[in-house]
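Novice: Just so you know, the protein sequences line up as chains A and B, in that order.
Mapping the first sequence onto our numbering, position 155 (from 1) lands on 1650, and the numbers just tick up by one.
Mapping the second sequence onto our numbering, position 266 (from 1) lands on 1761, and the numbers just tick up by one.
For each residue, glycine too, the CB sits at the ideal point set by N, CA and C.
There are 2 protein chains.
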Amino acid sequence: MAVWDVIRQWKLQEKDYRVIDHQAIREITLGASILATGGGGDPEIGLLWTYKVLDEGKPIVMVDPMKVPDDVLVASMACLGAALVLTEKPPSEGVLNRAIVKLETYLGAKLQATIPIECGGVNSPVAYAAAGELGVPVIDVDGMNRAFPELQMTSWVTHGIHASPTVSADDRGNVTVIDTGSDDLLAETICRRVAMAYGGISWIATYPMYGKAVKETSILYSQSIAWAVGKAVWEAREKHLNPVDQVIKSLRNERSVEGFKAFKGKIVDIHREFGSEMTKGFTLGRITMEGFDSDKGRTAMLDFQNEWLNLVVDGRVRCMPPDLIAILDSETGEPIRTDIVKYGYRGTILLIPAHERMRTAKGIQIFGPRHFGYDLDYQPVEKLNKDIERRDA
Amino acid sequence: MAVWDVIRQWKLQEKDYRVIDHQAIREITLGASILATGGGGDPEIGLLWTYKVLDEGKPIVMVDPMKVPDDVLVASMACLGAALVLTEKPPSEGVLNRAIVKLETYLGAKLQATIPIECGGVNSPVAYAAAGELGVPVIDVDGMNRAFPELQMTSWVTHGIHASPTVSADDRGNVTVIDTGSDDLLAETICRRVAMAYGGISWIATYPMYGKAVKETSILYSQSIAWAVGKAVWEAREKHLNPVDQVIKSLRNERSVEGFKAFKGKIVDIHREFGSEMTKGFTLGRITMEGFDSDKGRTAMLDFQNEWLNLVVDGRVRCMPPDLIAILDSETGEPIRTDIVKYGYRGTILLIPAHERMRTAKGIQIFGPRHFGYDLDYQPVEKLNKDIERRDA
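#1: For the ligand GDP, is there any heavy atom lying closer than 7 Å to the beta carbon of Thr1600/A?
#2: Classify Asp1500/B as buried or exposed, calling it buried when 16 or more other Cβ atoms lie within 10 Å of its own Cβ.
#3: For Gly1780/B, I'd like the list of residues in its chain whose CB is within less than 8 Å of its CB, leaving aside the five on either flank, ordered along the chain.
#4: Helix, strand or coil, according to DSSP, for Ala1888/A in the structure here?
#5: Among the candidates Gly1616/B, Thr1582/B, Glu1509/B, whose CA atom is the shortest distance from the CA of Thr1532/B?
#6: Buried or exposed: where does Lys1510/B fall if 16 or more other Cβ atoms within 10 Å of its Cβ makes it buried?
#7: Out of Arg1641/B, Glu1551/B, Met1796/B, Thr1778/B, which one is the CA nearest neighbour of Pro1611/B?
#8: Compute the beta-carbon to beta-carbon distance between Lys1761/B and Arg1811/B, rounded to the nearest angstrom, for a pair I have assumed lies under 8 Å.
#9: Thinking Arg1813/B and Asn1880/B are a contact (beta carbons under 8 Å), I'd like their distance in whole angstroms, please.
#10: Which residues in chain A sit within 9 Å of Arg1813/B, going by Cβ to Cβ distance?
#11: In chain A, which residues lie with their C-beta within 7 Å of the C-beta of Leu1681/B?
#12: So does the region 1641–1653 of chain A actually touch the region 1653–1671 of chain B, counting three or more Cβ pairs closer than 8 Å?
#13: Using three-state DSSP, classify Tyr1716/B as helix, strand or coil.
#14: I want to verify the contact list: residues of chain A whose CB lies under 7 Å from the CB of Thr1675/B, in sequence order.
#15: Throw me the rounded Cβ distance for the Ala1573/B and Asn1618/B pair, which I believe falls under 8 Å.
#16: Do we get a CB-CB distance below 8 Å when we pair Ile1685/A with the residues of chain B?
#17: Lys1756/A: which of Pro1738/A, Met1773/A, Asn1748/A sits nearest, CA to CA?
#18: For a minimum of 3 consecutive residues, which ranges assigned as the beta strand (DSSP E) are wholly contained in the region 1731–1796 of chain A?
#19: Given Thr1855/A, which residues of its chain have a CB within under 6 Å of its CB, disregarding the five upstream and five downstream residues?
#20: Measure the C-alpha to C-alpha separation of Leu1568/B and Val1670/A and round it to an integer number of angstroms.
#21: Counting only beta-carbon separations shorter than 8 Å, does Val1689/B have a partner in chain A?
#22: Compare the C-beta of Ala1888/A against all C-beta atoms of chain B and say whether one is closer than 8 Å.
#23: Can you list, in chain order, the stretches of the beta strand (DSSP E) that have 3 or more residues and sit fully within the region 1795–1824 of chain A?
#24: Any beta carbon of chain A sitting closer than 8 Å to that of Asp1516/B?
#25: Use the C-beta contact count for Lys1562/A: other C-beta atoms within 10 angstroms, 16 or more gives buried, fewer gives exposed.
#26: Closest Cβ-Cβ distance between Asp1666/B and chain A: below 8 Å?
#27: Just to confirm, are Gly1534/B and Glu1802/B a CB contact at a threshold of 8 Å?
#28: Per DSSP, which residues does Val1636/B bridge with? Please list them.
#29: When the Cβ atoms of the region 1717–1728 of chain B are set against those of the region 1741–1748 of chain B, are three or more pairs found closer than 8 Å?
#30: Would you mind working out which of Glu1539/A, Gly1541/A, Pro1560/A sits nearest Leu1507/A, comparing C-alpha positions?
#31: Would you call His1735/B buried or exposed, if buried means 16 or more other Cβ atoms sit within 10 Å of its Cβ?
#32: I want to see whether chain A comes within less than 8 Å of Val1672/B, judged by CB atoms only; does it?
#33: Let's see if you can read the secondary structure: which residues bound the alpha helix (DSSP H) around Gly1526/A?
#34: Here's a check: name, in chain order, each residue in its chain whose Cβ is nearer than 7 Å to the Cβ of Glu1645/A, leaving out the five neighbours to either side.
#35: So Asp1678/A contacts chain B; which residues on that side make the cut at Cβ distance below 8 Å?
#36: Are any of the Cβ atoms in chain B nearer than 8 Å to that of Arg1503/A?
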């Protein structure tokens, strides 16, 4: 099947889809990487994969979610594991294709589109590459509008759609089909253990669902949001504007939310849980930053589990999951990720309110502060940073 | 399909099969439980299941392996996990059926017989119960002629047949399909982790293979051996004979091998690795026995990983895997298992040479002493106990 056949079948008009070229996927991936909250892995891995697909002449087309027919089957493709391992072990060709074929066989039906699982340097472009390979569109949604470490941490689960069946493959031909019905936490547990058994990284085809569910349970226009953020940083670099301010402006335009510049400083300490990639399947640890400029004399601490989890400045909590934390290089706007963060890196911490579909009561239960072991009730980032708003005003 | 249709299709004569009734399965399970080397779990669980099938009027027929057509597809059904958990969490109806159906769907073909994976109190009768449910025969073979803790520890693997795909199910409807090609150790690792994620116990359909492979790679007539051992103990109980001597005699008749009465004593110390069922997926530990009668003043030590692994008497190694260790109640011949062994139990340690198909170089590599962490070259039990032979003579 070619993607244009699908576009015709779905009776889409030109305004209903966007053709994705090299520059588009670069911008989307940059934006996704910023929204990835310190996780999501090395964008180069996913980008190279997508470039290859484009260079082979396979078109990649992104479709407006509200134009997707109710009855078409779609699924997510993603890398699940510790990003640090991925950097040392980039994917081999065919691994995702194998997962997709096994998922289709298990379901007895063909996929007609891909949906990115999250905003992340790897998993965003991977959904585009897979769509190009399959000859189907990628839908302008995802399950988080950020990155999160665990499989069940999606708006899909909080709105009643499940991760089962998930097919997990590795680059040596191993395949595991995980079918846990409505027990998404068990699906995560098994997927994680399988990824560790594979050597730290797995490639999954997951969250099979119909078009109707995509519309009702996804973060809609998540790709457009990432794209706008990426474009803003790209423009800031070209015009020598402040990239953090440009990101804030783009989020205001695209999502009508306000980001917070919560801290400016440099990383003075990193504690990594040794071997956590292999024993727990995550990159785990904590960083400490010392402030400079207007934050001189202040100290920031961030825990991470693949993604930054929380921000505490001078003992006061400034951000809790599921709200987003990005540490951006003040010059380039490039995000500082948990898998590559090093002593001496300098950056601005930007806090972004989570998407409203991530802030439901069920969402707070599944991926709020208590799930990650904090004895705290969730408070929105807007409330925790009222004083910053005042200070900026 | 009814089993008699299969018998007709395979053109079997009366001498090629045995109809299994309540007494037959009791005897086979008792013998299997003795050959299970301290593992294999509580026979009552598998027996009750088989009785139920028989009581529903479903015939169970055991077939001579050499009469099985080359091109029929068969598979094993088994419980994988820590036997101790099984005792607390007996299986619910349908769990194995679900695994079988998923295996057939994944393979795109129907199973035409079952093959027991091992000699064990649970997994022997389970293969009979599953055969009765499916309306197919059970073949007079297994993959060990003993019990072993790990999935890859079979004559099938050492002769080039693989455990993939394996379907693992639990009693809440969860299913995982594990397909690791020729990497049987990875299949074991994933199956074990899945079993732990399920809560300690899983039910698997595994080792799909054709009739030709059954003949070339199984332990042939393994069920008949277990049956002979079980019958011998049954007879000993009825005629007030020494059950251990009767077991030795039955093995001499059926397998032309000599067992060794290596130690008579009582259990004076048990060290269990706390929580190993949930952290490692096995029942792990060590027992110490103090001798009496002719063994007075001597001390025996046995490690266990679901099964007894080795026997050391007064610091001298008397048995290494894959040779068999049974601790039998001197009165009843009932085996003392690792999951129920208690302080004060009295028994005779019987050592039995492993089947020749388990003693190949590849077998010693996969389930010999070094695999279990002993810095020892494998030596056959006959060699390690020459002096006992002399003492008995």
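Specialist: From the atom records:
#1: Although the ligand GDP was asked about, the structure shown includes no ligands whatsoever.
#2: exposed
#3: Ile1765, His1766, Arg1767, Glu1768, Ser1771, Asp1798, Phe1799, Thr1833
#4: Caution is warranted here: a pLDDT of 39 is assigned to Ala1888/A, below 50, making its placement in the model unreliable, and no coordinate value can be reported.
#5: Gly1616/B
#6: exposed
#7: Arg1641/B
#8: Between Arg1811/B and Lys1761/B the Cβ distance is about 20 Å, and since that is not below 8 Å, they are no contact.
#9: 6 Å
#10: Residues of chain A passing the Cβ test: none, with the nearest at roughly 35 Å.
#11: Asn1669, Ala1692
#12: no
#13: coil
#14: Asn1669
#15: 4 Å
#16: yes
#17: Pro1738/A
#18: 1755–1767, 1779–1786
#19: Thr1653
#20: 22 Å
#21: yes
#22: Since pLDDT at Ala1888/A reaches only 39, below the 50 mark, its modelled position is unreliable, and the value read off the structure follows with that caveat. Chain B contact via Cβ: absent.
#23: 1802–1808, 1811–1814, 1819–1823
#24: no
#25: buried
#26: no
#27: yes
#28: Leu1715/B
#29: yes
#30: Pro1560/A
#31: exposed
#32: yes
#33: 1517–1530
#34: Glu1683
#35: Arg1667, Asn1669
#36: no
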